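These notes concern the structure reproduced below.
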Amino acid sequence: MTRRSSPAGASERGRLRGFVRDNGLGLFFTLTFLCALVGQALAGHADFNDQLAVDQLQRVGFAEYLTTSDFAVDVAENWQSEYLQFFLYIAATVWLLQRGSPESKELYKAGTESDEDQMVGEHAKDTSPKWAAAAGWRRAVYSHSLLLVMGTIFVLSWLVQSITGVAAFNGQRLRQLQAPMSWSQYLGSADFWNRTLQNWQSELLAVASMAVLSIYLRQRGSPESKPVGAAHDATGVEG
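To convert a position in the sequence shown, counted from 1, into the working numbering, add 607.
So this is what it looks like as structure tokens:
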């Protein structure tokens, strides 16, 4: 005899499928982020132990490696560059335009736009967030909240990179019987700026490539691309 699912069980599965469908993009990138972070930790642990072996020092366990400044600085230096990319992109696209790119606003929309266009104040809708309809500092803060949060995360992760970076750098210097550096000295060191700029240049190149290549190239069905048949000079049009 075929066993039928209970209405409650079917309803629960339906809600789960609906949740996955409605949040698929965030779930996918969260899962792939965690997989990449685990992979980085495993590879970093092996590389760290290889370096210790070269220095004729005792290897460390995986859990211990996760608490080291070497692991923390490798994570932080990538995070700060990613959030710098988003911070600059959000700020630049308010005013700067790129003809033909779906990553740009339409050419007549440069600037912060009118209250009516942004649906704030008296132009807010019933479905608008409460702070969009509020007056004074609450609306001002909410109007720039995405940029503020991205910038804050960038600054904090860059600070973490500098603190963990000097600890990791000094650990290496001590293993080589060299005097440690202070935090302020490390901020001017080649190691700090090499770690920083090698990430910045790759992130900025990626953004520039996306903005320009999307003028001429297409991906059917992607909101990051124009419709396949859209003209090359169509600006601010998503597929």
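Where a beta carbon is used, it is the ideal one built from N, C-alpha and C, also for glycine. Please read these numbers as outputs of a predicted model, since none were measured by experiment.
Cβ shell of residue i (< 8 Å), same chain only, five flanking positions each side left out
| i | result |
| --- | --- |
| Glu723 | His730 |
| Leu755 | Val748 |
| Leu753 | Ile697 |
Contacts around residue i, its chain only, beta-carbon distance under 7 Å, and the 5 residues preceding and following it disregarded
| i | result |
| --- | --- |
| Asn685 | Asn806 |
| Leu794 | Ser769 |
| Ile822 | Gly707, Ser708 and His839 |
| Met726 | Lys732, Ser735 and Ala739 |
| Pro787 | Asn777, Arg780 and Leu781 |
| Ala717 | Trp702 and Leu704 |
| Asn656 | Arg666 and Val667 |
| Gly621 | none |
Residue from the options whose Cα sits closest to the Cα of residue i
| i | options | result |
| --- | --- | --- |
| Leu784 | Gly633, Leu634, Asp662 and Ser816 | Asp662 |
| Ser791 | Val627, Gly772 and Val844 | Gly772 |
| Ser688 | Leu820, Val701 and Gln808 | Gln808 |
| Gly828 | Met817, Glu845, Ser816 and Ala813 | Glu845 |
| Ala741 | Leu753, His751, Gly728 and Ser752 | Gly728 |
| Gln692 | Ala815, Ala774, His751 and Ser721 | Ala815 |
| Leu812 | Leu644, Leu634, Gly625 and Leu695 | Leu695 |
| Leu763 | Leu632, Met817 and Tyr690 | Tyr690 |
| Ser789 | Ala717, Asp798, Ala797 and Asn777 | Asn777 |
| Arg780 | Lys716, Gln658 and Lys737 | Gln658 |
| Thr719 | Gly843, Trp702, Glu710 and Ala841 | Trp702 |
| Ala660 | Ser721, Ile760, Leu714 and Arg782 | Arg782 |
| Ala818 | Arg746, Leu704, Trp744 and Phe635 | Leu704 |
| Gly843 | Gly633, Glu713, Gly743 and Pro787 | Glu713 |
| Leu632 | Ala837, Pro830 and Ala841 | Pro830 |
CB contact below 9 Å: residue i versus chain D
| i | result |
| --- | --- |
| Tyr793 | The chain inventory of the structure shown lacks chain D, comprising one protein chain alone. |
Residues of its chain near residue i, where Cβ-Cβ distance is below 6 Å and the 5 sequence neighbours each way are ignored
| i | result |
| --- | --- |
| Arg825 | Ser832 and Val835 |
| Gly758 | Phe694 |
| His652 | Phe669 and Tyr672 |
| Ala774 | Ser676 |
| Val767 | Ala683 |
| Phe761 | Gln687, Tyr690, Leu691 and Phe694 |
| Trp765 | Gln687 |
TODO: Please list the segments of the alpha helix (DSSP H) lying wholly inside the region 663-688, counting only runs of 4 or more residues, in order along the chain.
DONE: 669-672
Task: Touching by the beta-carbon criterion (3+ pairs, under 8 Å), the region 675-691 and the region 799-813 - done: yes
- [ ] Determine contact between the region 642-652 and the region 664-674, defined as no fewer than three beta-carbon pairs at a distance below 8 Å.
- [x] yes
- [ ] With a floor of 3 residues, list each beta strand (DSSP E) that falls wholly inside the region 612-644, ordered by position along the chain.
- [x] none
TODO: Quick one: which unbroken alpha helix (DSSP H) runs of 4-plus residues sit fully inside the region 763-819? Chain order, please.
DONE: 790-794
Task: Residue ranges of each alpha helix (DSSP H) within the region 708-755, 4 or longer - done: 722-725, 737-740 and 744-750
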